[in-house]
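All remarks here apply to the structure that follows.
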(Lines of atoms letter the chains of each structure in order from A and count residues from 1; the text may use other names and numbers.)
(Lines give C-alpha, C1' and ligand atoms only; values in the text may rest on other atoms or scores of the structure.)
Protein backbone atom coordinates (compact mmCIF):
# COMPACT_ATOMS: atom_id res chain seq x y z
CA UNK A 1 0.00 0.00 0.00
CA UNK A 2 2.93 2.35 0.65
CA UNK A 3 3.96 1.90 -2.99
CA UNK A 4 0.81 3.62 -4.03
CA UNK A 5 2.20 6.82 -2.51
CA UNK A 6 5.51 6.69 -4.44
CA UNK A 7 6.00 9.55 -6.93
CA UNK A 8 5.97 8.10 -10.46
CA UNK A 9 8.08 9.42 -13.36
CA UNK A 10 6.27 11.69 -15.81
CA UNK A 11 6.48 9.03 -18.52
CA UNK A 12 4.95 6.33 -16.36
CA UNK A 13 1.47 5.03 -17.06
CA UNK A 14 -1.18 6.55 -14.82
CA UNK A 15 -1.80 4.63 -11.61
CA UNK A 16 -4.89 2.41 -11.56
CA UNK A 17 -7.55 3.36 -9.01
CA UNK A 18 -7.43 1.37 -5.82
CA UNK A 19 -10.03 -1.41 -5.84
CA UNK A 20 -12.25 -1.74 -2.75
CA UNK A 21 -11.32 -4.64 -0.57
CA UNK A 22 -13.31 -7.77 -1.23
CA UNK A 23 -14.99 -9.38 1.79
CA UNK A 24 -12.48 -12.22 1.62
CA UNK A 25 -9.60 -9.68 1.83
CA UNK A 26 -10.84 -7.93 4.99
CA UNK A 27 -9.77 -8.76 8.54
CA UNK A 28 -12.24 -10.81 10.55
CA UNK A 29 -13.13 -7.90 12.85
CA UNK A 30 -14.13 -5.78 9.84
CA UNK A 31 -16.13 -8.66 8.38
CA UNK A 32 -17.97 -9.07 11.65
CA UNK A 33 -18.78 -5.36 11.78
CA UNK A 34 -20.05 -5.40 8.19
CA UNK A 35 -22.25 -8.41 8.85
CA UNK A 36 -23.63 -6.85 12.00
CA UNK A 37 -24.57 -3.76 10.00
CA UNK A 38 -26.26 -5.84 7.30
CA UNK A 39 -28.24 -7.86 9.84
CA UNK A 40 -29.30 -4.76 11.76
CA UNK A 41 -30.65 -3.26 8.53
CA UNK A 42 -32.37 -6.53 7.61
CA UNK A 43 -34.03 -6.90 10.99
CA UNK A 44 -35.06 -3.25 11.02
CA UNK A 45 -36.71 -3.78 7.64
CA UNK A 46 -38.34 -6.96 8.93
CA UNK A 47 -39.84 -5.21 11.95
CA UNK A 48 -41.09 -2.41 9.70
CA UNK A 49 -42.75 -5.06 7.55
CA UNK A 50 -44.28 -6.64 10.67
CA UNK A 51 -45.67 -3.28 11.78
CA UNK A 52 -47.38 -2.79 8.42
CA UNK A 53 -48.71 -6.35 8.52
CA UNK A 54 -50.20 -5.64 11.95
CA UNK A 55 -51.84 -2.44 10.67
CA UNK A 56 -53.20 -4.30 7.66
CA UNK A 57 -54.69 -7.02 9.87
CA UNK A 58 -56.38 -4.39 12.03
CA UNK A 59 -57.67 -2.60 8.93
CA UNK A 60 -59.13 -5.85 7.60
CA UNK A 61 -60.87 -6.51 10.93
CA UNK A 62 -62.22 -2.96 10.88
CA UNK A 63 -63.44 -3.47 7.31
CA UNK A 64 -65.27 -6.66 8.32
CA UNK A 65 -67.14 -4.74 11.03
CA UNK A 66 -67.96 -1.93 8.61
CA UNK A 67 -69.14 -4.51 6.08
CA UNK A 68 -71.47 -6.07 8.64
CA UNK A 69 -72.87 -2.65 9.57
CA UNK A 70 -73.27 -1.82 5.88
CA UNK A 71 -75.21 -5.05 5.31
CA UNK A 72 -77.54 -4.22 8.20
CA UNK A 73 -78.00 -0.68 6.90
CA UNK A 74 -78.72 -2.04 3.42
CA UNK A 75 -81.40 -4.37 4.83
CA UNK A 76 -82.92 -1.56 6.90
CA UNK A 77 -82.91 0.72 3.87
CA UNK A 78 -84.67 -1.92 1.77
CA UNK A 79 -87.29 -2.30 4.50
CA UNK A 80 -87.74 1.48 4.67
CA UNK A 81 -88.19 1.70 0.93
CA UNK A 82 -90.78 -1.08 1.05
CA UNK A 83 -92.70 0.80 3.74
CA UNK A 84 -92.45 4.04 1.77
CA UNK A 85 -93.74 2.28 -1.34
CA UNK A 86 -96.66 0.88 0.61
CA UNK A 87 -97.44 4.38 1.90
CA UNK A 88 -97.32 5.82 -1.62
CA UNK A 89 -99.70 3.16 -2.89
CA UNK A 90 -102.12 3.88 -0.05
CA UNK A 91 -102.09 7.57 -0.89
CA UNK A 92 -102.62 6.78 -4.55
CA UNK A 93 -105.66 4.62 -3.78
CA UNK A 94 -107.05 7.48 -1.70
CA UNK A 95 -106.73 9.81 -4.63
CA UNK A 96 -103.18 10.91 -3.98
CA UNK A 97 -104.33 13.90 -1.92
CA UNK A 98 -102.17 13.25 1.07
CA UNK A 99 -104.47 15.66 2.97
CA UNK A 100 -103.65 16.39 6.57
CA UNK A 101 -106.07 15.09 9.25
CA UNK A 102 -107.56 18.59 9.89
CA UNK A 103 -108.60 18.95 6.24
CA UNK A 104 -109.92 15.41 6.15
CA UNK A 105 -112.04 16.29 9.20
CA UNK A 106 -113.55 19.33 7.47
CA UNK A 107 -114.40 17.31 4.37
CA UNK A 108 -115.81 14.31 6.20
CA UNK A 109 -119.50 13.40 5.68
CA UNK A 110 -119.84 12.84 9.41
CA UNK A 111 -117.56 15.40 11.12
CA UNK A 112 -118.74 14.36 14.60
CA UNK A 113 -117.76 10.75 13.98
CA UNK A 114 -114.49 11.84 12.44
CA UNK A 115 -113.78 14.07 15.41
CA UNK A 116 -114.38 11.20 17.80
CA UNK A 117 -111.89 9.12 15.81
CA UNK A 118 -109.41 11.95 15.29
CA UNK A 119 -106.79 10.25 17.38
CA UNK A 120 -106.72 7.44 14.81
CA UNK A 121 -106.09 9.94 12.05
CA UNK A 122 -103.30 11.56 14.05
CA UNK A 123 -101.73 8.18 14.72
CA UNK A 124 -101.87 7.33 11.01
CA UNK A 125 -100.26 10.64 10.13
CA UNK A 126 -97.59 10.04 12.76
CA UNK A 127 -96.85 6.60 11.33
CA UNK A 128 -96.49 8.10 7.87
CA UNK A 129 -94.09 10.76 9.14
CA UNK A 130 -92.07 8.15 11.04
CA UNK A 131 -91.82 6.03 7.89
CA UNK A 132 -90.48 8.98 5.91
CA UNK A 133 -88.04 9.89 8.72
CA UNK A 134 -86.75 6.32 8.93
CA UNK A 135 -86.24 6.21 5.19
CA UNK A 136 -84.40 9.54 5.19
CA UNK A 137 -82.12 8.59 8.10
CA UNK A 138 -81.58 5.14 6.59
CA UNK A 139 -80.46 6.68 3.31
CA UNK A 140 -78.03 8.96 5.15
CA UNK A 141 -76.66 6.12 7.32
CA UNK A 142 -76.18 3.85 4.32
CA UNK A 143 -74.41 6.58 2.33
CA UNK A 144 -72.06 7.33 5.25
CA UNK A 145 -71.20 3.65 5.75
CA UNK A 146 -70.68 3.13 2.02
CA UNK A 147 -68.25 6.07 1.97
CA UNK A 148 -66.45 4.68 5.02
CA UNK A 149 -66.15 1.28 3.32
CA UNK A 150 -64.65 2.93 0.23
CA UNK A 151 -62.11 4.81 2.37
CA UNK A 152 -61.16 1.63 4.23
CA UNK A 153 -60.70 -0.23 0.95
CA UNK A 154 -58.37 2.51 -0.29
CA UNK A 155 -56.39 2.32 2.97
CA UNK A 156 -56.12 -1.47 2.70
CA UNK A 157 -54.80 -1.18 -0.85
CA UNK A 158 -52.24 1.40 0.27
CA UNK A 159 -51.10 -0.78 3.19
CA UNK A 160 -50.90 -3.86 0.96
CA UNK A 161 -48.70 -1.99 -1.53
CA UNK A 162 -46.49 -0.74 1.29
CA UNK A 163 -46.23 -4.24 2.71
CA UNK A 164 -45.13 -5.64 -0.66
CA UNK A 165 -42.47 -2.95 -1.00
CA UNK A 166 -41.21 -3.66 2.51
CA UNK A 167 -41.19 -7.40 1.86
CA UNK A 168 -39.03 -6.81 -1.21
CA UNK A 169 -36.73 -4.62 0.89
CA UNK A 170 -36.29 -7.36 3.49
CA UNK A 171 -35.53 -9.94 0.83
CA UNK A 172 -32.98 -7.66 -0.81
CA UNK A 173 -31.21 -7.03 2.49
CA UNK A 174 -31.15 -10.71 3.39
CA UNK A 175 -29.83 -11.39 -0.10
CA UNK A 176 -26.94 -9.01 0.59
CA UNK A 177 -26.12 -10.97 3.75
CA UNK A 178 -26.23 -14.28 1.91
CA UNK A 179 -24.02 -12.90 -0.85
CA UNK A 180 -21.43 -11.75 1.65
CA UNK A 181 -21.45 -15.03 3.55
CA UNK A 182 -21.11 -16.98 0.30
CA UNK A 183 -17.92 -15.05 -0.50
CA UNK A 184 -16.19 -16.22 2.69
CA UNK A 185 -14.11 -19.32 3.14
CA UNK A 186 -14.84 -21.96 5.74
CA UNK A 187 -11.83 -20.77 7.72
CA UNK A 188 -13.12 -17.19 7.76
CA UNK A 189 -16.56 -18.31 8.87
CA UNK A 190 -15.00 -20.28 11.71
CA UNK A 191 -12.97 -17.24 12.75
CA UNK A 192 -16.12 -15.12 12.69
CA UNK A 193 -17.93 -17.55 14.98
CA UNK A 194 -14.99 -17.58 17.37
CA UNK A 195 -14.80 -13.78 17.49
CA UNK A 196 -18.55 -13.56 17.97
CA UNK A 197 -18.41 -16.04 20.84
CA UNK A 198 -15.57 -14.18 22.57
CA UNK A 199 -17.33 -10.83 22.25
CA UNK A 200 -20.55 -12.26 23.72
CA UNK A 201 -18.68 -13.88 26.62
CA UNK A 202 -16.83 -10.64 27.38
CA UNK A 203 -20.04 -8.60 27.32
CA UNK A 204 -21.78 -11.10 29.62
CA UNK A 205 -18.90 -11.07 32.11
CA UNK A 206 -18.96 -7.28 32.24
CA UNK A 207 -22.72 -7.27 32.77
CA UNK A 208 -22.60 -9.81 35.59
CA UNK A 209 -19.62 -8.14 37.28
CA UNK A 210 -21.50 -4.82 37.30
CA UNK A 211 -23.94 -6.28 39.85
CA UNK A 212 -26.97 -5.10 37.89
CA UNK A 213 -28.55 -8.56 38.20
CA UNK A 214 -28.47 -8.74 41.98
CA UNK A 215 -30.63 -11.69 42.93
CA UNK A 216 -33.30 -13.90 41.46
CA UNK A 217 -36.92 -12.80 41.17
CA UNK A 218 -40.09 -14.76 40.58
CA UNK A 219 -42.30 -14.01 37.59
CA UNK A 220 -45.98 -13.26 37.69
CA UNK A 221 -48.28 -16.15 36.84
CA UNK A 222 -48.75 -14.72 33.34
CA UNK A 223 -45.00 -14.21 32.99
CA UNK A 224 -44.44 -17.84 33.95
CA UNK A 225 -46.91 -18.99 31.28
CA UNK A 226 -45.25 -16.77 28.66
CA UNK A 227 -41.82 -18.11 29.55
CA UNK A 228 -42.95 -21.74 29.43
CA UNK A 229 -44.47 -21.14 26.01
CA UNK A 230 -41.13 -19.72 24.81
CA UNK A 231 -39.27 -22.72 26.23
CA UNK A 232 -41.59 -24.96 24.22
CA UNK A 233 -40.48 -23.24 21.00
CA UNK A 234 -36.74 -23.84 21.50
CA UNK A 235 -35.23 -25.42 18.41
CA UNK A 236 -37.77 -23.99 15.94
CA UNK A 237 -36.30 -21.99 13.05
CA UNK A 238 -36.17 -18.23 12.70
CA UNK A 239 -38.20 -17.01 9.73
CA UNK A 240 -38.75 -13.28 9.29
CA UNK A 241 -42.38 -12.28 9.63
CA UNK A 242 -43.30 -15.59 11.30
CA UNK A 243 -45.27 -15.85 14.54
CA UNK A 244 -45.67 -19.60 14.90
CA UNK A 245 -46.55 -22.27 15.30
CA UNK A 246 -43.62 -23.80 13.38
CA UNK A 247 -41.26 -20.82 13.07
CA UNK A 248 -40.77 -17.36 14.54
CA UNK A 249 -38.96 -14.09 14.19
CA UNK A 250 -37.83 -12.28 17.34
CA UNK A 251 -40.98 -10.30 18.10
CA UNK A 252 -43.21 -13.03 16.72
CA UNK A 253 -41.91 -15.25 19.53
CA UNK A 254 -42.37 -12.69 22.31
CA UNK A 255 -45.81 -11.52 21.17
CA UNK A 256 -47.08 -15.09 20.86
CA UNK A 257 -45.61 -16.04 24.23
CA UNK A 258 -47.62 -13.32 25.93
CA UNK A 259 -50.65 -14.03 23.76
CA UNK A 260 -50.63 -17.56 25.20
CA UNK A 261 -50.40 -15.98 28.64
CA UNK A 262 -53.68 -14.20 27.79
CA UNK A 263 -52.05 -10.78 27.65
CA UNK A 264 -52.04 -9.23 24.16
CA UNK A 265 -48.98 -7.07 23.42
CA UNK A 266 -47.81 -5.21 20.29
CA UNK A 267 -46.42 -7.30 17.45
CA UNK A 268 -43.09 -5.55 16.84
CA UNK A 269 -40.07 -4.98 19.08
CA UNK A 270 -40.26 -1.21 18.49
CA UNK A 271 -43.89 -1.05 19.60
CA UNK A 272 -43.20 -3.35 22.55
CA UNK A 273 -40.46 -0.96 23.66
CA UNK A 274 -42.65 2.07 23.01
CA UNK A 275 -45.93 0.97 24.59
CA UNK A 276 -45.10 -1.45 27.42
CA UNK A 277 -43.99 -0.43 30.91
CA UNK A 278 -40.22 -0.17 31.23
CA UNK A 279 -38.32 -1.75 34.09
CA UNK A 280 -34.69 -1.32 35.19
CA UNK A 281 -32.41 -4.26 34.44
CA UNK A 282 -31.81 -4.67 38.17
CA UNK A 283 -35.53 -5.48 38.57
CA UNK A 284 -35.76 -8.03 35.74
CA UNK A 285 -37.95 -11.04 36.37
CA UNK A 286 -38.67 -14.04 34.12
CA UNK A 287 -41.19 -13.21 31.42
CA UNK A 288 -40.00 -9.62 30.98
CA UNK A 289 -38.97 -8.60 27.48
CA UNK A 290 -35.39 -7.51 26.83
CA UNK A 291 -34.97 -5.01 23.99
CA UNK A 292 -31.76 -4.69 21.99
CA UNK A 293 -30.02 -2.16 19.71
CA UNK A 294 -30.61 1.62 19.66
CA UNK A 295 -33.52 1.28 17.25
CA UNK A 296 -35.24 -1.41 19.36
CA UNK A 297 -34.92 -3.82 16.44
CA UNK A 298 -34.48 -7.04 18.44
CA UNK A 299 -36.18 -8.60 21.47
CA UNK A 300 -35.99 -11.70 23.66
CA UNK A 301 -37.86 -12.98 26.71
CA UNK A 302 -35.99 -13.07 30.02
CA UNK A 303 -35.57 -16.57 31.41
CA UNK A 304 -33.82 -15.68 34.66
CA UNK A 305 -30.21 -16.32 35.73
CA UNK A 306 -28.89 -13.78 33.21
CA UNK A 307 -30.35 -15.61 30.18
CA UNK A 308 -32.93 -14.87 27.50
CA UNK A 309 -34.88 -17.02 25.07
CA UNK A 310 -34.79 -15.52 21.61
CA UNK A 311 -35.15 -16.13 17.89
CA UNK A 312 -31.73 -14.70 16.99
CA UNK A 313 -31.59 -14.21 13.21
CA UNK A 314 -32.29 -15.80 9.81
CA UNK A 315 -30.68 -19.22 9.62
CA UNK A 316 -30.73 -19.69 13.40
CA UNK A 317 -33.18 -21.37 15.77
CA UNK A 318 -34.99 -20.31 18.92
CA UNK A 319 -32.51 -20.78 21.76
CA UNK A 320 -31.29 -19.73 25.18
CA UNK A 321 -28.64 -16.98 25.06
CA UNK A 322 -26.71 -14.80 27.49
CA UNK A 323 -28.55 -11.60 28.36
CA UNK A 324 -25.68 -9.53 26.90
CA UNK A 325 -25.59 -11.39 23.58
CA UNK A 326 -26.64 -8.16 21.84
CA UNK A 327 -26.29 -4.45 22.72
CA UNK A 328 -28.86 -3.86 25.46
CA UNK A 329 -31.37 -1.04 25.15
CA UNK A 330 -33.60 -1.85 28.11
CA UNK A 331 -36.44 -4.03 29.34
CA UNK A 332 -40.24 -3.85 29.42
CA UNK A 333 -42.90 -5.70 31.40
CA UNK A 334 -46.26 -6.58 29.80
CA UNK A 335 -47.93 -7.07 33.20
CA UNK A 336 -46.40 -4.41 35.41
CA UNK A 337 -49.49 -4.49 37.63
CA UNK A 338 -49.13 -8.21 38.46
CA UNK A 339 -47.53 -9.52 41.65
CA UNK A 340 -44.80 -12.19 41.64
CA UNK A 341 -46.10 -15.72 41.97
CA UNK A 342 -45.39 -17.81 45.05
CA UNK A 343 -43.40 -21.02 44.91
CA UNK A 344 -41.89 -20.41 41.48
CA UNK A 345 -39.98 -23.30 39.91
CA UNK A 346 -38.10 -22.45 36.69
CA UNK A 347 -39.04 -24.50 33.63
CA UNK A 348 -36.71 -27.30 32.60
CA UNK A 349 -34.76 -26.48 29.46
CA UNK A 350 -34.45 -29.06 26.68
CA UNK A 351 -31.11 -30.52 25.66
CA UNK A 352 -29.20 -28.29 23.27
CA UNK A 353 -31.11 -25.17 24.33
CA UNK A 354 -27.95 -23.03 24.22
CA UNK A 355 -26.55 -24.42 20.95
CA UNK A 356 -25.96 -22.07 18.04
CA UNK A 357 -25.12 -18.42 17.50
CA UNK A 358 -26.43 -15.94 20.06
CA UNK A 359 -26.39 -12.56 18.37
CA UNK A 360 -29.56 -11.24 16.85
CA UNK A 361 -27.78 -9.50 13.99
CA UNK A 362 -24.75 -11.60 13.25
CA UNK A 363 -23.54 -14.81 11.62
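Residue numbers (our numbering): -15 to 347. Heads up, the beta-carbon is just placed ideally off N, CA and C, and yes, glycines get one too.
Asked	Found
Give the C-beta separation of residue 188 and residue 234 to the nearest angstrom, bearing in mind that I take them to be a contact with Cβ-Cβ under 8 Å.	In fact, because the Cβ distance is near 19 Å, the residues do not count as touching under 8 Å.
Comparing alpha-carbon positions, which option in 238, 231 and 184 lies nearest residue 210?	238
Buried or exposed: where does residue 86 fall if 16 or more other Cβ atoms within 10 Å of its Cβ makes it buried?	For residue 86, the predicted structure reports a pLDDT of 45, less than 50, and the residue's modelled location is therefore unreliable. The matter cannot be settled from this model.
DSSP beta-bridge partners for residue 273?	285 and 316
Leaving out five residues before and five after residue 325 in sequence, what residues of the same chain have Cβ atoms less than 7 Å from its Cβ?	202, 203, 204, 205 and 208
First and last residue of the alpha helix (DSSP H) that includes residue 258?	253 to 259
Go through its chain and collect everything with a Cβ distance to residue 219's Cβ below 6 Å, but skip five positions before and after it.	301
Between the alpha carbons of residue 171 and residue 38, how many angstroms are there, rounded?	41 Å
In terms of residue numbering, what span does the alpha helix (DSSP H) encompassing residue 239 cover?	234 to 244
When the Cα atoms are used, what is the spatial distance from residue 191 to residue 200?	15 Å
Taking DSSP as the reference, what is the three-state secondary structure of residue 292?	strand
Output the distance between the C-alpha atoms of residue 33 and residue 152, rounded to the nearest integer angstrom.	10 Å
May I ask you to verify whether the stretch 258 to 267 touches the stretch 311 to 320, counting CB pairs closer than 8 Å and requiring at least 3?	yes
Alpha carbon to alpha carbon, how far is residue 51 from residue 274?	40 Å
Apart from the five residues just before and just after residue 146, which ones in its own chain have a Cβ nearer than 6 Å to its Cβ?	36
On the CB-based measure, 16 or more other CB atoms within 10 Å of its CB, does residue 304 come out buried or exposed?	buried
In whole angstroms, what is the alpha-carbon distance linking residue 127 and residue 143?	24 Å
Please identify the residue among 165, 44, 333 and 297 whose C-alpha is closest to the C-alpha of residue 341.	297
Just to confirm, is the Cβ distance from residue 321 to residue 247 under 7 Å?	no
Is the beta carbon of residue 129 less than 7 Å from the beta carbon of residue 54?	yes
List the whole-angstrom C-beta distance separating residue 227 from residue 236, where the pair is believed to meet the contact cut-off of C-beta under 8 Å.	3 Å
Measure the Cβ-Cβ separation of residue 214 and residue 241 and say whether it is below 7 Å.	yes
Go through its chain and collect everything with a Cβ distance to residue 291's Cβ below 6 Å, but skip five positions before and after it.	304
With 16 other CB atoms within 10 Å as the buried threshold, where does residue 99 fall?	Because residue 99 carries a pLDDT of 49, less than 50, the predicted location of this residue cannot be relied on, and the following value inherits that uncertainty. Residue 99 comes out exposed.
Which same chain residues, not among the five before or five after residue 25, have their C-beta less than 7 Å away from its C-beta?	157
Specify the secondary structure class of residue 24 as computed by DSSP and reduced to three states.	helix
Using C-beta distances below 7 Å, list every residue in its chain close to residue 224, excluding the 5 sequence neighbours before and after it, in chain order.	30, 154, 233 and 298
Who are the Cβ neighbours of residue 132 in its own chain at under 6 Å, not counting the five residues just before and after it?	50
For residue 45, which of 60, 139, 182 and 62 has the nearest alpha-carbon?	139
Which term fits residue 193, buried or exposed, when burial requires 16 or more other beta carbons within 10 angstroms of its beta carbon?	exposed
Quick one: measure Cβ to Cβ for residue 125 and residue 57, integer angstroms, because I've assumed they're closer than 8 Å.	5 Å
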